[in-house]
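There are 2 protein chains.
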Amino acid sequence: MDSNMAFDALADPVRREILGVLAAEDECSAGAIAERITSVGRTAVSTHLRVLRVAGLVSERRDGRFRYYSIDSSGSARDVLSLLHQVFRAGLQSVDGALPHEVGSERLA
Amino acid sequence: MDSNMAFDALADPVRREILGVLAAEDECSAGAIAERITSVGRTAVSTHLRVLRVAGLVSERRDGRFRYYSIDSSGSARDVLSLLHQVFRAGLQSVDGALPHEVGSERLA
DNA sequence: CAATCATGTCAGCGGTGGATGACACGTCAG
DNA sequence: CTGACGTGTCATCCACCGCTGACATGATTG
C-alpha cells in the first residue's frame, strides 16, 4: 500500500547512505548522522530523515533535545522485500518462506 | 555499483507494474505489456522498459519485429536484495544465506 | 529569564524525470 | 517494391525533488 513511499525513499543514494549509517550504529542522533554524511548539509539530512520516517523505514525516539533514529525492520521494509521476492523469485532458489507467512498474497504494483 | 540504477528504476510505480506483468506472464512483447498498462501510453511504457533493461532488471529478446521482455533475476536484483537484507537483517529472522554467497560483502551506499 | 544547543521547517532556485505526439527504423506480406 | 505493422527515439512541456541559508521551536544550563 504505502510501499510506494518506501520504494521512493529507497531511490535516493543519500537516504541509502543514511540507512547504512544506522545499520552500522544501531541508533544515532540526527546530528551524529549528519556528521557522517559529507555529501550534503545538515538541513538536507534532516529532510531525508523525515522522508525515511514517513515511509516507515526508520523510527524516531525523542529524548530531551535529541532525536535518535534507528532502522525499522518491521515497517514497510517487509512489504518491499515481499514485493521484490515475489517478482524475482524465479532466479532466487526459493527464498520464499523466509518472510513470515502471507508472502505472495498482496497485489504487485 | 549500478544498483543505484536498479533502485531508481524500482522507484516508479509504472515500472513496478510492468515488473508485475512480467512476473505473471514470464515473457511478453512490448505491445502486449503496453496493452495491460492503462495508466500511461505506449511511448511511456517503451521508455520504462528501456530504463528497466539498462538497470539490469529485465532482459530483452528480439524476434522478428517483436521484442520480448522477461524478468532478469540474476542481474542487479541480487544487489538490491543483498543491500536490503544487509540493512534490515535485524527484524528479519536471519534470511541471510538465502542468497548465494557473498551476501554482506559489498559497500552499502 | 537569557543564552545556547539540537533539530525541524520554510521559501526559493536549479536540475531531473516522466508523459505525449510526431517521426524514424527495421520487418513481414503481397 | 510498397504498404502495414511493431517499436524505439526525439523535442517539448510540465511537475516534482533535492539542496541551501535563514528562521522557528523546544529543551537544557546558569
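If you read the protein sequences in the order shown, they are chains A and B. Going by the working numbering, the first sequence opens with residue 4, and the numbers climb by one from there. Going by the working numbering, the second sequence opens with residue 4, and the numbers climb by one from there. Note that the Cβ used here is the ideal one computed from N, Cα and C, for glycine as well.
Residue burial classification, residue i (beta-carbon count within 10 angstroms, cutoff 16)
i	result
A:Glu20	buried
B:Phe91	buried
A:His104	With a pLDDT of 35 at A:His104, under the threshold of 50, the modelled position of that residue is not reliable, and the figure given next carries that caveat. Exposed.
B:Ala27	exposed
B:Arg18	buried
Where residue i sits in the DSSP three-state scheme
i	result
B:Glu38	helix
A:Ser6	helix
A:Arg92	helix
A:Ser77	coil
B:Glu30	coil
A:Val61	strand
A:Arg3	The question about residue 3 of chain A has no answer here: the residues shown for chain A are numbered 4 through 112.
B:Val48	helix
B:Asp82	helix
A:Asp11	helix
Whole-angstrom C-beta distance between residue j and residue i, which should lie under 8 Å
i	j	result
B:Gly11	A:Ala58	It is worth fixing the name first, because residue 11 of chain B is Asp in this sequence and not Gly. No, B:Asp11 and A:Ala58 are not in contact; Cβ-Cβ is about 16 Å, not under 8 Å.
B:Val61	B:Leu25	6 Å
B:Ser73	B:Asp29	6 Å
A:Phe33	A:Arg70	Residue identity check: residue 33 of chain A is Ala in the sequence provided, not Phe. Right, their Cβ atoms sit about 5 Å apart.
* Please determine if the stretch 29-45 of chain B and the stretch 80-92 of chain B are in contact, where contact requires at least 3 C-beta pairs separated by less than 8 Å. => no
* **Meets three-Cβ-pair contact criterion under 8 Å: the stretch 44-58 of chain B and the stretch 45-55 of chain A** => no
* Give the residues from the stretch 46-79 of chain B that approach chain A closer than 7 Å (Cβ to any Cβ), ordered along the chain. => Ile74, Ser76 and Ser77
* **Where the stretch 9-31 of chain A meets chain B: residues whose CB sits under 7 Å from a CB there** => Phe10, Asp11, Leu13, Ala14, Pro16, Arg19, Glu20, Leu22, Gly23 and Ala26
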